[in-house]
Amino acid sequence: MGRLTGWSGSLHSRPKWWGKLVIEMIYDTLDDDVAEYLKNNKPPPGVRWHRQLTENIGVRALVSRCYEVIGMSKTCVNMRELRDKVAQHHGRRMVQFSLPLPYPPPHNR
3 MGRLTGWSGS
13 LHSRPKWWGK
23 LVIEMIYDTL
33 DDDVAEYLKN
43 NKPPPGVRWH
53 RQLTENIGVR
63 ALVSRCYEVI
73 GMSKTCVNMR
83 ELRDKVAQHH
93 GRRMVQFSLP
103 LPYPPPHNR
């Protein structure tokens with residue numbers, strides 16, 4: 003993710019919004035039964051979702067999905083391209099809405 007987002011800091015100080023990307027590209031693309039299990043068995047605060055999975059409920063699917071996304075990322079030059087490829091691979095498409103906002107009032111110097 004660092005290469006695709008231009009991040010050059012340490013792994014321990016990585017941006018928190020990377021978690022949203024992981025959820026979008028990994029967890030949201032898992033099979034419906036695994037996703038349903040995760041929704042119904044939310045881990046307590048501080049426990050990661052992947053630690054809730056067992057051999058019978060999705061570990062193989064999760065690991066496979068991680069490697070799948072890593073493979074796709076190797077051909078991408080930025081995060082937007084990776085998100086588009088993951089969405090397309092899973093029968094989805096990325097959409098970005100435009101929101102018109104008023105200009106801020108001019109400030110006097």
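Per this note's numbering, the sequence shown starts with residue 3, numbered consecutively. Glycine included, every Cβ here is placed at the ideal spot set by N, Cα and C.
Asked: Element boundaries [alpha helix (DSSP H), containing N42]; Found: D34 to N42
Asked: As assigned by DSSP and simplified to three states, the class of K18; Found: coil
Asked: C-beta contact flag for G4 and L13 at 9 Å; Found: yes
Asked: Buried or exposed (CB count within 10 angstroms, at least 16 for buried), R67; Found: buried
Asked: Three-way DSSP call (helix, strand, coil) for Q98 in this model; Found: coil
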